[in-house]
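Engineer: Dropping the structure in here first, questions after.
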Amino acid sequence: MRIGNVQGRPWLITGDGEGFDIGKASSGRFGPGLAEIYENWPEFAAWAPSADGEVKTFLPEDLGPPSPEPRQVFAVGLNYRDHAEEAELSIPAEPLTFTKYVTSFAGACVEVELPPGKVDWEVELVVVVGRTARRVAAADAWEHVAGLTVGQDISERDLQLIGPVPQFSLGKSFPGFSPTGPYLVTPDELDNLADLELGCSLNGQEVQRARTSLMLFPVDILIERLSRITTLMPGDVIFTGTPAGVGVHHTPPRFLAPGDELVSYIEGLGHIKQTFTAAKEGSAP
Ligand code: ZN
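Throughout the sequence shown, residue numbering follows this note's numbering, covering 143 to 427 in sequence.
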């Protein structure tokens, strides 16, 4: 099934731009927000296949992030060999993990204000956790996943490298820098969970294209490694890393500019779109 965040309420998606309100269809048993759906994920997943409701339409702009208020957000760097190679960095022995602060979250179709600096794109498969996961083996990892969605780990490169050692989280957390969507797609909807094409284009020109099977730490291993250390909670979000083709490694380097349109897709999950506007006066950090 596909679940959308339509103006802050969970909907079951029945077709292109249409679906029904889960809170109403369940007479208040599930909802009113998305977070409550993940808190009760096993019960919800059992109820949803037979659910029925009054189908209504919505616009792409109505869609918020599939998990809008996770307790934890994980993001993984250098998780594709070709991206590590383009960055001339060695392959990590453990997932290189940072966070994106939740105020940077946005829905599928938004305008993003560009801060000063070098703003770059990173298309990523995003995982939403459906069950508390503590010391979970890779073989059991997918049972702890609610679903998958498309994400962008938008990144301002100057802030990333301004200190004596790189720090990722702040430069990747300006407002709108963590768009996800359009929907949460449950694993049963996908024929080959571990091998999905993903990519993005800038103003219609393809800049990234790869397959999730090329991840160094695939989703099941990421959940195993992260849950050895932390406890993954329902609704938690994991950005799983980006393949080659980011702007900083183009020749010459290329960064997002006002008026640019960035479209990102993943096979079976749909696409998201951001347009970029100029920084407002006085917005320098
Ligand atoms: Zn990233």
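All C-beta atoms, glycine included, are put in the ideal place defined by N, C-alpha and C. In this text, all values refer to a predicted model and were calculated from it rather than measured experimentally.
Within this structure, are the beta carbons of S209 and V148 separated by less than 8 Å?
Structural biologist: In this structure, V148 does not lie closer than 8 Å to S209 by Cβ.
Engineer: Indicate the three-state DSSP secondary structure (helix, strand or coil) for H225 in the structure shown.
Structural biologist: In this structure, H225 counts as helix in the three-state DSSP scheme.
Engineer: When the Cα of F310 is compared with those of L338, G383 and L290, which residue comes out closest?
Structural biologist: Taking only the C-alpha atoms, the option nearest F310 is G383.
Engineer: Buried or exposed for V307, going by 16 or more other Cβ atoms inside 10 Å?
Structural biologist: Exposed, since its Cβ has fewer than 16 Cβ neighbours within 10 Å.
Engineer: Using alpha carbons as the reference points, say which of S369, A399, R299 and T373 lies closest to N345.
Structural biologist: N345 has its Cα closest to that of A399, out of S369, A399, R299 and T373.
Engineer: So is the beta-carbon of D262 under 7 Å away from any non-hydrogen atom of the ligand ZN?
Structural biologist: For the ligand ZN, not one heavy atom lies less than 7 Å from the Cβ of D262.
Engineer: For P394, does the count of other Cβ atoms within 10 angstroms reach 16, so buried, or fall short, so exposed?
Structural biologist: Its Cβ having fewer than 16 others within 10 Å, P394 is exposed.
Engineer: Note down the Cα distance separating E185 from E264, rounded to an integer number of angstroms.
Structural biologist: Answer to the nearest angstrom: the Cα atoms are 34 Å apart.
Engineer: If you run the structure through DSSP and keep just helix, strand and coil, what is L312?
Structural biologist: Three-state result, L312: helix.
Engineer: Can you find a heavy atom of the ligand ZN that lies under 7 Å from the Cβ of E266?
Structural biologist: Correct: E266 has its Cβ closer than 7 Å to the ligand ZN.
Engineer: According to the Cβ coordinates, are G146 and G161 closer than 8 Å?
Structural biologist: Cβ distance < 8 Å, so G146 and G161 count as in contact.
Engineer: For P380, which option in A217, R276, R273 and T322 has the closest C-alpha, if you only look at C-alpha atoms?
Structural biologist: A small correction: the amino acid at residue 380 is Ile; Pro does not occupy that position in the sequence shown. Minimum Cα distance to I380 is reached at A217.
Engineer: Could you spell out where the alpha helix (DSSP H) holding A188 opens and where it closes?
Structural biologist: It spans W183 to W189 - the alpha helix (DSSP H) in which A188 sits, taken as one unbroken run.
Engineer: Per DSSP, what kind of secondary structure is H392 in: helix, strand or coil?
Structural biologist: H392 falls in the coil class under three-state DSSP.
Engineer: Do the region 194-213 and the region 242-257 make contact, defined as three or more Cβ pairs closer than 8 Å?
Structural biologist: Flag = yes, the region 194-213 and the region 242-257 touch.
Engineer: What's the C-alpha gap between I233 and A226?
Structural biologist: Going from the Cα of I233 to the Cα of A226 covers about 6 Å.
Engineer: Can you tell me the Cα-Cα spacing of R151 and P207, whole angstroms?
Structural biologist: One C-alpha to the other measures close to 11 Å.
Engineer: Could you tell me the distance, in whole angstroms, from the CA atom of R273 to the CA atom of L326?
Structural biologist: Whole-angstrom Cα-Cα distance: 15 Å.
Engineer: Measure the alpha-carbon distance for L290 versus P376 and round it to whole angstroms.
Structural biologist: Approximately 13 Å between the Cα atoms of the pair.
Engineer: Determine the contact status of A275 and I365, defining contact as a CB-CB distance below 8 Å.
Structural biologist: It is a contact, given that the beta carbons lie within the stated cut-off.
Engineer: As a quick exercise: from A193, P237 and C342, pick the residue whose alpha carbon is nearest that of G293.
Structural biologist: If we check each option's Cα against that of G293, C342 comes out closest.
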